[in-house]
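Under this note's numbering, the letters of the sequence shown match residues 957 to 1319, in that order.
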Amino acid sequence: MGDLFGGRSGIRAAGSLREVLTQTPAVDHHAHGILRAQPAGLDEFRALFSESPDPRQWAHVATAVTYRRAVRVLAEHLGCEPTEAAVYARRLAADPAEYAASLLRATNTELLLVDEGFPPPDAGTSWQELGELTGCRSRPVMRIEQIAESVGIGALDALGQAVAGARARGYVALKTIAAYRGGLDLDALAAPVRTDRLEGAPLRDGLLAALEANQATGDPLPVQVHTGFGDSDLLLPGARPGLLKPLIERFRTTTFVLLHCYPFVREAGWLAHVYGNVYFDLSLTIPHVARPATAMYEALELAPASKLLYASDASRTPELYLLAARWWREALGEVLPALLPEDDAAAAARMILRENAHAVYRL
């Protein structure tokens, strides 16, 4: 297997910054398990590199810039020809667990914070199993909507009790996918379309109850919030980070960590610039956008380096972990030397890769 960060790596930095980018183990503060049964068909494999559930779209994935780049990176790691056919053949021929471990362990990750809400437990690895495959520690993140549905939609007291006891049960953060269930403008949420999941007005009530219970502990867990692009069921205008301003101001002693953020990276950076209780990441953005350095420039135009966290939001397939790890570090290696002297750039890289997560989540 290839050396992800040495040799032919695309990391352009030199000196102390290059040493940090190639040697520092990262904290991936927003991750998911991988599927136990990996897809056998080529189209289904391509689908793992897209957010689209539409089978008509999967053939187009092969022409996406990021997918073409991914094939080359994976081929380098696997030691095969840089073609989709060669990479796919290596994948099919390998033992699934060994293949996943080889990719995950090449990411140089020291700690994973894993959202238990996706994939479903019967389909994906647990947070403990993912850590074992990666060869690192792992900790769970509690998804508010999942807990609300398990205790009963509308059972706000039970939800509050579950949230209040989350830290004692080993959780390091809460997380909401409100952006996927109606949007982040809570005042605009209407009656739910579906009654089998938390959405609409019950989502607003449940989320507020959870945040109240969390803050009332006096030692609230950080709250991760999906913003920007993601699953196809969201309406992008309703996922703007700026819509969270009322919540950020209402729950001043709660730390909010904004996830994804694309294409609203500058907006997220502004929130992290003006609010002491706001942090953000570029998960999913990297590895899915073709120019990760552009997103990195936008993130650091206004926000302090101490407010940006490394994360992959990788799920379902181990390749995404590897690609995120490589392209995050490449983007930092391109952007930081253009903005800062070498020593400052190296310090910023350490913050983003691991130190900020340790501070936010008290790891």
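Each residue gets a CB set at the ideal place from its N, CA and C atoms; glycine is no exception.
Between the region 980-994 and the region 1068-1080 there are three or more inter-stretch CB-CB distances shorter than 8 Å, so the stretches are counted as touching. Around residue 1271, the same chain offers 987, 988, 989, 990, 1074, 1075 and 1080 as residues with beta carbons nearer than 8 Å, after the five sequence neighbours per side are excluded. Taking a contact to require three or more Cβ pairs closer than 8 Å, the region 1187-1201 and the region 1153-1163 do not qualify as touching.
Per the C-alpha coordinates, the member of 1094, 1117 and 1305 positioned closest to residue 1103 is 1117.
Residues of the same chain with a CB within less than 8 Å of the CB of residue 1319, apart from the 5 flanking positions on each side, are 983, 1067, 1095, 1128 and 1313 in chain order. Three or more Cβ pairs closer than 8 Å define a contact, and the region 1223-1242 falls short of that threshold against the region 1014-1028. Put simply, of 1126, 1050, 1245 and 1063 the residue whose alpha carbon is nearest the alpha carbon of residue 1084 is 1126. The residue from 1219, 1062, 1317 and 1134 with its alpha-carbon nearest to that of residue 1032 is 1062.
In this chain, the beta strand (DSSP E) harbouring residue 1182 covers 1179-1183. If you compare the alpha carbons of 1213, 1285 and 1310 with that of residue 1132, the shortest gap goes to 1213. Under the three-state reduction of DSSP output, residue 1213 falls in the strand class. Judged by DSSP in its simplified three-state form, residue 1161 adopts helix. Distance between residue 1196 and residue 1253, taken at the CA atoms: about 19 Å. Just measuring C-alpha positions, the residue of 966, 1172 and 1204 sitting nearest residue 1140 is 1204.
Residue burial is scored here from C-beta neighbours: residue 1009 has fewer than 16 other C-beta atoms within 10 angstroms and is therefore classed as exposed.
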